[in-house]
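**Q** 29 is the number of the first residue of the sequence shown in the numbering used here; add one for each residue after it. All C-beta atoms, glycine included, are put in the ideal place defined by N, C-alpha and C.
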Amino acid sequence: MSTPEHETRIYPPPEAIARQAHVSGMDAYRQLCDEAERDYQGYWARLAREFVTWRQPFTQVLDESQAPFFKWFEDGTLNVSYNCLDLNVERGLGDKTAIVFETDDGQVSRHTYRQLLERTCQLANALREAGVKKGDRVVIYMPMSVEGVLAMQACARIGATHSVVFGGFSAQSLRDRIEDAGAVAVITADEQLRGGKQLPLKAIVDEALSLGGCDSVRQVLVYRRTGGNVNFDPARDRWLHDAMAAQPTQCEPEWVGAEHPLFLLYTSGSTGKPKGVQHASGGYLLHAALTTKWTFDLRPDDIFWCTADIGWVTGHTYITYGPLANGATQVVFEGVPTYPDAGRFWRMIQDHKVTIFYTAPTAIRSLIKAAEVNPAADPRNYDLTSLRVLGSVGEPINPAAWEWYHQNVGGGRCPIVDTFWQTETGGHMITPLPGATPLVPGSCSLPFPGIMAAVVDETGKEVPWGQGGILVVKKPWPSMIRTIYGDPERFKKSYYPADFQGKYYLAGDGAVRDAKTGYFTITGRIDDVLNVSGHRMGTMEIESALVSHTELVAEAAVVGRPDDTTGEAVCAFVVLKRPRPEGEEAKRIAKELREWVGKEIGPIAKPKDIRFGDNLPKTRSGKIMRRLLRAIAKGEAITQDTSTLENPAILEQLSQTN
Ligand code: WT7
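#1: Does at least one heavy atom of the ligand WT7 sit under 7 Å from the Cβ of Phe448?
#2: To the nearest angstrom, how far is the alpha carbon of Ser394 from that of Gly104?
#3: When you compare only the Cα positions, how much space is there between Met29 and Ala44?
#4: State whether the stretch 428–441 contacts the stretch 588–602, with contact taken as three or more CB pairs (one from each stretch) at a distance under 8 Å.
#5: Nearest-angstrom Cα distance between Asn643 and Ser572?
#6: Enumerate in chain order the residues of its own chain whose CB-to-CB distance from Thr685 is below 8 Å, with the five nearest sequence positions on each side excluded.
#7: Using a Cβ-Cβ cutoff of less than 7 Å, which residues in the same chain neighbour Thr31 once the five nearest sequence positions on both sides are dropped?
#8: Between Gly546, Pro443, Ile509, which lies nearest to Leu534 when the distance is taken from Cα to Cα?
#9: When burial is assigned at 16 or more other CB atoms within 10 Å of the CB, is Ala582 buried or exposed?
#10: Measure the Cβ-Cβ separation of Val51 and Leu461 and say whether it is below 8 Å.
#11: Are Leu90 and Trp100 closer than 8 Å when you measure CB to CB?
#12: Roughly how many angstroms separate the alpha carbons of Pro389 and Ile554, rounded to a whole number?
#13: At what residue ranges does the stretch 296–325 contain a whole run of the alpha helix (DSSP H), taking only runs of 4 or more?
#14: On the premise that Val305 lies in contact with Leu292, defined as a C-beta separation below 8 Å, what is that separation, rounded to the nearest angstrom?
#15: For a quick check, are the C-beta atoms of Gly256 and Asp218 less than 8 Å apart?
#16: Could you tell me which residues DSSP pairs with Lys99 in its beta bridges?
#17: Would you kindly work out how many angstroms separate the C-alpha atoms of Asp261 and Asp270, rounded to a whole number?
#18: Determine the extent of the alpha helix (DSSP H) in which Glu610 is found, giving its start and end residues.
#19: Heavy atom of the ligand WT7 less than 7 Å from the Cβ of Thr451, yes or no?
#20: So for Gln135, helix, strand or coil by DSSP?
#21: Would you call the stretch 411–427 and the stretch 358–366 in contact, with 3 or more CB pairs under 8 Å?
#22: How many angstroms separate the CA atom of Ser689 from the CA atom of Trp340?
#23: Compare the C-alpha of Asp591 against each of Pro302, Trp493, Lys662 and name the closest.
#24: Rounded to whole angstroms, what's the CA-CA distance from Leu673 to Pro645? Just pull it up for me.
#25: Near Lys619, what residues of its chain come up, given a Cβ to Cβ distance below 7 Å and the 5 sequence neighbours on each side ignored?
#26: List the endpoints of the continuous alpha helix (DSSP H) containing Asn153.
#27: If I measure Cβ to Cβ from His190 and keep anything under 6 Å in the same chain, skipping five residues before and after, which residues do I get?
#28: Buried or exposed: Gly552, going by 16 or more other Cβ atoms within 10 Å of its Cβ?
#29: Look at the Cβ atom of Ala154, then the Cβ atom of Arg203, and state whether they are nearer than 8 Å.
#30: Curious, which full-length alpha helix (DSSP H) runs of at least 4 residues does the stretch 360–403 contain?
#31: Check the Cβ-Cβ distances between Pro492 and every residue of chain D, and say whether any is below 8 Å.
#32: Could you name each continuous alpha helix (DSSP H) segment of 4 residues or more that falls completely within the stretch 41–76, going from the start of the chain to the end?
#33: Taking the alpha-carbon positions, what's the Gly566 to Lys381 distance?
#34: Mapping DSSP to helix, strand and coil, what is His269?
#35: Can you tell me the Cα-Cα spacing of Gln220 and Glu486, whole angstroms?
#36: Arg185 and Pro276: beta carbons closer than 8 Å?
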């Protein structure tokens, strides 16, 4: 495992923020960590009482009797949507703006807590009328929209478990997720509008359902976004506005146990099949609310903006649940950062006086490039003085991008919280706190208070600071993954492997702690998972997509290689069922295979680079040598020992790009 370049600059928390922060200074941070160290359950119980309003208070905190299937606050009951909406109205925030929504084409609308509550109730009633019951799964395939948030909240209200599928996934991927979840309903839109383009959603739902295996789906609710043409099956499909219009604006929440599954979210692992990460209600809501408040130092008058899509976990925790549970005002954006030009984010921060801005390194890196050539894209040409705190999420942020973000977006005044976490963790795990943590660019710094992160070797022994190793979490925490839907064995094997006697949560990342400060730096995935533009993908998934083109492809191997903008890029090595193509033919087939992967999984999975060979580099026992493929993909000279290789000549072939 490589040690990252040494980073010496340190940025102490700005005085103005530290003075009044929720966690104000390292002493306050250490006190919280000590409290958790001394009385782990007491610490989480105290916060669970402070951040969650329970219908029936819990008397048990952590149940480890069926480890690693941990339970938190199990005898407590609550409703997540009640906590996010009704409570704020009851506390006098009914007329406060909950969401400032800006469409792709720049129209702005404001939605108060009372309006969100009433519409959530109508949608929840519509779902109940359609026969959706507590425990049923509902797939949400929606554009970024207020309705998308409402759909999630409405499911939470009636105790249905939502599974949001990112609108960029293909019909095949959508079908797989609907089938695995056994969804009884799908909520979608006619089309989505992104970057001035209309993209179908309902048509993809139709196609997904026609592919078979989705007999569980009884109703499709369709939000009319663009008014584009859609096919309608009157026996199955219903316009969302029709279904909602007839419904009362009150809906008694379904009070559920703390462990009741709030949502499934499919993510990639080391095998070809995506896993349905299952989250519970009570513990998840606690960490969503808590981290939104502490990590961003959220205050009542903040304007919070997380640019993620609700199709990813970031959009779940830091759009749909965390900000609303805190009664915050947030911006929700339908479009993309580069439309109508690459100044869109900066213009929106200026227009809406955003105070907390949370985005991904990929977006920052692509906007740095745009700002170099286009003054309209240069953040320095906008009034960004409203900003107080900046955040980064989804992949490592390189020090150069960090410095640019800090200087040009944050005007040198705003702390950057580099938040490390995962779909499985539900919320932040390792992150600076704006009023406490001195910042080191490129390091996600220290664990959130109460998160027992450590770096260990293969046997589970902690390695000394300064030495790379495997990132683990030594104790269960409230918002952790509960299981992989329908596959508890895979849950155990993936996250609580026998290597660590089933005791530690395995994140799947490598990490190193700074020799002096103990700060964590994430060194990247240690499994076959890629991170392209902050989107997680399994190499096996892409390989299966490629070989499913049975007419053309005999064999395929996929690896990642570093990319300046997207962090990692997908590189595929392919053996065709016909002679190795060259020149124009190679280009044409590479293009066809790229489109194929786009259709099978979604555009985000399209290989950037496809190389053809007569064979793949294999050991004499037939194992593909991925280590070599990774070196070739990077364009490195092969200095490694290739003596165990069956067919050394093909290395030369595979080095040629198309
Ligand atoms: C993987 C999780 C975090 C929610 C969005 C992505 C990488 C995430 C960081 C960070 C370095 C990071 C890890 C992790 N990652 N945040 N701040 N620094 N790496 O969630 O799709 O579940 O992906 O993203 O490799 O395991 P996800």
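**A** Looking at the atomic coordinates:
#1: yes
#2: 46 Å
#3: The pLDDT assigned to Met29 is 37, lower than 50, so where the model puts this residue is not dependable, and the model offers no usable value.
#4: no
#5: 17 Å
#6: Asp637, Arg639
#7: Any reading at Thr31 needs caution, since the residue's pLDDT is 42, under 50, leaving its predicted position unreliable; the model's value is listed next. Only Gly496, Val540 meet the Cβ criterion.
#8: Ile509
#9: exposed
#10: yes
#11: yes
#12: 20 Å
#13: 310–323
#14: 7 Å
#15: yes
#16: Asp91
#17: 15 Å
#18: First-last for Glu610: undefined, no H or E at that position.
#19: yes
#20: coil
#21: no
#22: Any property of residue 689 remains undetermined from this structure, which presents the chain solely from 29 to 686.
#23: Lys662
#24: 7 Å
#25: none
#26: 141–157
#27: Val166, Ile168, Met180, Cys183, Phe291
#28: buried
#29: no
#30: 372–380, 389–401
#31: In the structure shown, chain D cannot be found, because there is only a single protein chain.
#32: 43–48, 54–66
#33: 38 Å
#34: helix
#35: 46 Å
#36: no
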